Structure formats: C-alpha cells, structure tokens
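Everything on this sheet refers to the single structure shown next.
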Amino acid sequence: MSVAAKLHVGMSLAPTWLSGEAWRRADSDISGVFSSDYFVDLAQRAEAAHVDFVFRPDTLCFFSHPGAGEPAAGFPATDPSTAFLGIARGNHTTSGCCPPFGPHLPPYVVARQIQSLNWLSNGRAGWNIVTALEGHENFGLKEMPLPQERYERAAEFTQVVKALWASFPNEALKLDRESGRFADSSLVRPVAHEGRHFSVKGPLNLPSHASRIPLVQAGASPEGRDFASSVADAVFASTPDMQAAIELRADLRRRAEGHGRNPDGVKLMPGLSLYLAETGREALELYAETHARANRA
Numbered sequence: 001m002s003v004a005a006k007l008h009v010g011m012s013l014a015p016t017w018l019s020g021e022a023w024r025r026a027d028s029d030i031s032g033v034f035s036s037d038y039f040v041d042l043a044q045r046a047e048a049a050h051v052d053f054v055f056r057p058d059t060l061c062f063f064s065h066p067g068a069g070e071p072a073a074g075f076p077a078t079d080p081s082t083a084f085l086g087i088a089r090g091n092h093t094t095s096g097c098c099p100p101f102g103p104h105l106p107p108y109v110v111a112r113q114i115q116s117l118n119w120l121s122n123g124r125a126g127w128n129i130v131t132a133l134e135g136h137e138n139f140g141l142k143e144m145p146l147p148q149e150r151y152e153r154a155a156e157f158t159q160v161v162k163a164l165w166a167s168f169p170n171e172a173l174k175l176d177r178e179s180g181r182f183a184d185s186s187l188v189r190p191v192a193h194e195g196r197h198f199s200v201k202g203p204l205n206l207p208s209h210a211s212r213i214p215l216v217q218a219g220a221s222p223e224g225r226d227f228a229s230s231v232a233d234a235v236f237a238s239t240p241d242m243q244a245a246i247e248l249r250a251d252l253r254r255r256a257e258g259h260g261r262n263p264d265g266v267k268l269m270p271g272l273s274l275y276l277a278e279t280g281r282e283a284l285e286l287y288a289e290t291h292a293r294a295n296r297a
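full-length UniProt numbering numbers the first residue of the sequence shown as 1 and each following residue consecutively.
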C-alpha cells in the first residue's frame, strides 16, 4: 500500500522581500516591524493555517534601494534568532528556520546558537545554511570569495557544525538526581577538526536535543545545487514555471544520488508570492495596488 506524499508549506516573515513598496500600503502595519508582537502574530496566523514552518531571511549589511538613500524595508535589522524565541513562545506547533550567517561566524558559535534555539523551542529549530549575501566588508573581507571557494568553505563549515552537535549526544544527558550524575562524560567526545578553513577542538558545551535539526539551503548555481543536494533536507528555490521546477527537482535528485543520499530526502520548496482576496478581480486589484509605486526603471 503506497503512502501519500505530504506537501510541506512554509511562510516567509520578511515583510517586503520581493514586494519592496508593499510596506507603503495603509494596512501594512510596518510600524510594528521591529516588535516581537509583529512576528508572533504572523507565526500564530501560520500555525492556524497549519503551515509547517516560518522562515526569516537575514543580512548583515545595510541595504538601500538602487539610486536611493533610504534603507529598504525588505531588510530590517532585527536578529532572526532572537525573534524566533518570541515566536516559539507564541505558538506550539510551527517550526522556525533561522539563518545565522555561516560565512562570517565561527562554526562553534553557529552550532551552539542553533542548538540553543532547538532546546528553547522544544525541538522546532531549523538551520538555513547561507553561503553568500553581501556583508563581507563588515567582517574584515575586502571581497567576497569566488563561488567554488565559498561552497568548499560551506561544506567544511556544515561538517564541523554537525560534528559539534554529535559531540555531545542527547543520550549523554542523564540528569540523575539520585546519583548526582548530570551527564555521561564518556559519551562526550572532542571534534578535533583540522581543515583548510577551520580548526575546532570541541566538544560543544550543550547537549543535542532529541529532535534532529533540519538543514535547508538555497543554492541555484551548479555549485550551489551540488552543495544543497549533499547536505540539505530542503532547498528553497525560485522556479518561474512548472517545467523549471521539474528540471530542478530532477537535477537535485540526481546529484543527491551521486552523494550517496536517498533522492527523496531532498525536498524542493519553490517560492510563491500570494495575493489573496474574496474574488479573482479583487486579488488582481490588490496586486496592482501593491506594486503601483514600484520603480520600473
């Protein structure tokens, strides 16, 4: 008997990521974009709609619209990891996918931060592995490394983070009040990683939660697809039409098999921008109104 495949649906918490002028609508609630209530409300709506997870893109630099001096509303600077703590308190079923900026932070810091979020959310944290999105000048880099080097670094970074999570396994945590044994230290092992990009002793000073942390990635280039298919549970993608999505899915499956993985273990999640109203005409009017002030130059 075959088992029906499940459709996984997530929701982006970026208020105007792809609709840069939408915040100017009278009903946008943009004044609350830096408050925890704003994100908690969105997450609660997602939970009520049975959405699997919420996702908050992030950058570590100051973005501006081309040719303008004002900051783009699509890139508010609130840290998604801290925002997720409020979200986790505000709902009980929806997971959160956070992107601590991998290229610029040490793997030990990212491993601890994500695992902490997993504990504080009762096993509902995910990790979006970011390889490049500007901001390198804020971390001592004059220029962004070429794609091949970025993905080589990302592969080693991910390997180290996963090794740190495994260095203090959940089963090592005993919390035995009678004996006074907090953890079985024989199960906690150093990482002792010495690689081209990173040197990490380990182990992590935090045990892993019983719930595994899913990994997502958004690689679109050949290098990005190969990296995503080697480590990711899901791939965020921009697919302009059905045929493009079919071809990308087939390519990811082929690459996953080449890495010795089950091709069904890599889910493709195309992005959709929805304009919802009571009728089709009203939805089109909403779309037109949202983009009426967009700079077409």
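The beta-carbon is built from N, C-alpha and C at its ideal position, and this holds for glycine as well. None of these values were measured; they are calculated from a predicted model.
Beta strand (DSSP E) containing residue i: first to last residue?
| i | result |
| --- | --- |
| Asp176 | 173-176 |
| Met144 | Run containing Met144: none; DSSP gives neither H nor E here. |
| Gly126 | 125-128 |
| Leu215 | 215-217 |
| Gly10 | 10-12 |
| Arg181 | 181-183 |
Just confirm the distance between the C-beta atoms of residue i and residue j, as a whole number of angstroms; I'd bet it's less than 8 Å.
| i | j | result |
| --- | --- | --- |
| Phe168 | Pro190 | Going by Cβ atoms, the distance from Phe168 to Pro190 rounds to 10 Å, so no, they are not a contact pair. |
| Val161 | Pro107 | 5 Å |
| Arg293 | Arg24 | 6 Å |
Which term fits residue i, buried or exposed, when burial requires 16 or more other beta carbons within 10 angstroms of its beta carbon?
| i | result |
| --- | --- |
| Asn118 | buried |
| Phe53 | buried |
| Ile213 | buried |
| Phe157 | buried |
| Thr131 | buried |
| Gly69 | Low confidence applies to Gly69: its pLDDT is 48, below 50, so where it sits in the model is not reliable, and the reading given next is rough at best. So Gly69 ends up on the exposed side. |
| Phe182 | exposed |
| Phe84 | buried |
| Gln148 | exposed |
| Pro207 | buried |
| Gln217 | buried |
| Ser273 | exposed |
| Leu175 | exposed |
| Arg281 | exposed |
| Gly67 | A caution first: Gly67 carries a pLDDT of 48, below 50, which makes its placement in the model too unreliable to give a value. |
| Thr32 | Note that residue 32 is Gly in the sequence shown here, rather than Thr. Gly32 comes out exposed. |
| Thr290 | buried |
| Ile129 | buried |
| Ala125 | buried |
Could you pull out every residue in the same chain whose Cβ sits closer than 8 Å to the Cβ of residue i, ignoring the five residues on either side in sequence?
| i | result |
| --- | --- |
| Asn138 | Leu60, Cys61, His104 |
| Val266 | Ala228, Ser229, Ala232, Asp233, Ala234, Val235, Leu252, Arg253, Ala256 |
| His197 | Glu152, Arg153, Glu156, Phe157 |
| Asn262 | Ala256 |
Can you give me the Cβ contacts of residue i inside the same chain, cut-off strictly under 6 Å, excluding the 5 residues immediately before and after it?
| i | result |
| --- | --- |
| Gly219 | Arg225, Phe227, Ala228 |
| Asp29 | none |
| Leu286 | Tyr275, Ala277 |
| Met269 | Ala234, Phe236 |
| Glu47 | Asn91, Thr93, Thr94 |
| Gly271 | Ser238 |
| Glu21 | Arg293, Ala294 |
| Tyr38 | Gly32 |
| His193 | Val160, Val200 |
Which residue's Cα is closest to the Cα of residue i: the options?
| i | options | result |
| --- | --- | --- |
| Ser50 | Leu276, Met11, Gly140 | In the sequence on display, residue 50 carries His and not Ser. When only C-alpha atoms are compared, the closest one is Met11. |
| Ser121 | Ala163, Ala210, Glu247 | Ala210 |
| Ser185 | His197, Ala172, His193 | Ala172 |
| Leu7 | Glu289, Gly280, Asp264, Thr279 | Asp264 |
| Gln115 | Gly140, Leu164, Thr78, Ala77 | Leu164 |
| Thr78 | Arg25, Trp23, Val160, Ser36 | Ser36 |
| Val188 | Thr290, Gly195, Ala166 | Ala166 |
| Gln113 | Lys142, Pro80, Thr290, Glu134 | Pro80 |
| Phe34 | Glu21, Ala5, Thr82, Asp27 | Thr82 |
| Gln159 | Glu289, Tyr38, Gly126, Ala111 | Ala111 |
| Leu146 | Glu223, Ala4, Glu247, Asp41 | Glu223 |
| Val109 | Arg45, Val200, Arg150, His193 | Val200 |
| Gly96 | Asn205, Ala5, Asn262, Val40 | Val40 |
| Trp127 | Leu215, Gly195, Glu247, Arg45 | Leu215 |
| Gly123 | Arg150, Asn170, Leu141, Gly140 | Asn170 |
For residue i, collect the residues of the same chain with a Cβ closer than 7 Å to its Cβ; drop the 5 residues on either side in sequence, then sort them by chain order.
| i | result |
| --- | --- |
| Ala43 | Val54, Ile87, Gly90, Asn91, Thr94 |
| His259 | Ser229, Ser230 |
| Met144 | Ala132, His136 |
| Val9 | Val51, Asp52 |
| Ala283 | Tyr275, Leu276, Ala277 |
Just reading off the alpha helix (DSSP H) that residue i is part of, what are its end residues?
| i | result |
| --- | --- |
| Val235 | Run containing Val235: none in the alpha helix (DSSP H); it sits in the beta strand (DSSP E), 234-237. |
| Ser95 | No alpha helix (DSSP H) holds Ser95; the beta strand (DSSP E) holding it covers 95-98. |
| Leu268 | Looking at the DSSP string, Leu268 is not in any alpha helix (DSSP H); the run it does join, the beta strand (DSSP E), is 267-270. |
| Ala288 | 280-290 |
| Ala244 | 242-258 |
| Val191 | Note, Val191: premise wrong, no alpha helix (DSSP H); not H, not E. |
Would you please verify whether the beta carbon of residue i is less than 8 Å from any beta carbon of chain B?
| i | result |
| --- | --- |
| His50 | In the structure shown, chain B does not exist; there is a single protein chain. |
Is residue i a contact residue of the ligand ADP, with contact defined as CB to any heavy atom under 7 Å?
| i | result |
| --- | --- |
| Ser186 | As for the ligand ADP, it is missing from this structure, which has no ligand bound. |
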